[in-house]
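Residue numbers (our numbering): 348 to 450. Note that the Cβ used here is the ideal one computed from N, Cα and C, for glycine as well. In this text, all values refer to a predicted model and were calculated from it rather than measured experimentally.
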Amino acid sequence: MLNYVRRLIQLRKNEPSLAGYAEFVPVLAGSNTYPFIFVRAADKDVVLAVFNPGEKAVSAGFTLNLSAKSMTLLAGDKLRISNHGGSYSLEMPGISYALYKLR
């Protein structure tokens with residue numbers, strides 16, 4: 348657990364989009380529904396954050412104002428995410444999260 352927390356702290360230090368001054372943009376959020384999806388951005392650095400704290404697997408569709416050419420998993424679980432020109436769909440298991448760097 349200690350090494351896991353250290354890795355997350357190091358990730359926050361290395362990624363400008365995870366800094367305190369970075370922009371926070373909610374993408375998909377509903378009352379008592381999951382997943383919760385948001386984007387953090389600083390200049391051209393963008394991180395997509397996806398959380399499902401519920402026990403059930405979920406799927407969702409959402410759009411972003413940018414179309415990522417690549418998505419690199421920074422932390423969490425590898426999810427099934429597809430991108431169709433800025434329109435995304437994902438499937439994720441219960442009690443999971445992922446942080447993806449968008450490029």
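Mapping the DSSP letters down to three states, classify residue i as helix, strand or coil.
i, result
"residue 350", "helix"
"residue 450", "coil"
"residue 430", "strand"
"residue 437", "strand"
"residue 417", "coil"
"residue 346", "Because the chain here runs from 348 to 450, residue 346 falls outside it and cannot be looked at."
Would a C-beta distance cut-off of 8 Å place residue i and residue j closer than the cut-off?
i, j, result
"residue 438", "residue 417", "no"
"residue 424", "residue 445", "yes"
"residue 383", "residue 398", "yes"
"residue 422", "residue 375", "no"
"residue 443", "residue 436", "no"
Would you list the one or two residues that DSSP bridges to residue i?
i, result
"residue 443", "399"
"residue 422", "446"
Fill in: Contiguous beta strand (DSSP E) assignments of at least 3 residues, all confined to the stretch 354-397
370-377, 380-389
Discussion item. Check whether the stretch 395-415 and the stretch 351-358 are in contact - that is, three or more C-beta pairs closer than 8 Å.
Written reply: no
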